[in-house]
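In our numbering, the protein residues as written are 98 to 286. C-beta: ideal position from N, C-alpha, C; glycine also. Small disclaimer: the values here were computed from a predicted structure and weren't measured. Single-structure report; data block below.
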DNA sequence: TTATCGATGGTA
DNA sequence: ACCATCGATAAA
């Protein structure tokens, strides 16, 4: 079955513990649909943000206007602007009412198989896929969505480390909630 | 190779 | 005032 015919991952995929979803997202393929063309990229690096108790998570202050979507139903897109110039995309996890999201940090563009392009870092990834604040709330599980995720059967190895850029989060900064495909050239840092 | 810095704006 | 960043530049 060709990638473009694969169905989007269902709501049930996202409606599980955030850390498990994060690990299983490695190797999955982002499909970004425009009017005429579509872009595909394989996820190689993610971070889990666990909700209100996680002092590195935007959900740590409760359901503020920005972070409320993290408390809502799973399978939706959470986009925020960082440092005034870069967008970051996250997939909402856990059941409705419980906060949790996975930050997509890096992917490998599949549009030119012979010259795979590294999309290393959440800002670069969003720029390449043209994802911005307007896409916040998008349903990742609907067939017609501008962005969906599909499973083509790839099962990469998984390595874990501390999350990037969350030194302020005390003990939570030390948790190994960043997951990546070891040795993959598109992984950041 | 590592270190530092400026750009730029939403968020609380 | 503080960032879930990036690219350029400088130091070594």
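Check, Outcome
"Option in 271, 280, 286, 241 with minimal Cα separation from residue 103", "241"
"Minimum length 4: unbroken alpha helix (DSSP H) runs contained in the stretch 209–234", "219–226"
"Expected contact under 8 Å - CB spacing of residue 141 and residue 224 to nearest Å", "Wrong, their Cβ atoms sit about 17 Å apart, outside the cutoff."
"Integer Cβ distance of residue 254 from residue 278, believed to fall under 8 Å", "6 Å"
"Test item: CB-CB of residue 184 and residue 229 under 7 Å", "yes"
"Outcome for residue 275 when other beta-carbon atoms lying within 10 angstroms are tallied against a minimum of 16", "buried"
"Which listed residue (238, 194, 239, 189) has its alpha carbon closest to that of residue 144", "189"
"Alpha carbon of residue 272 to alpha carbon of residue 260, nearest angstrom", "8 Å"
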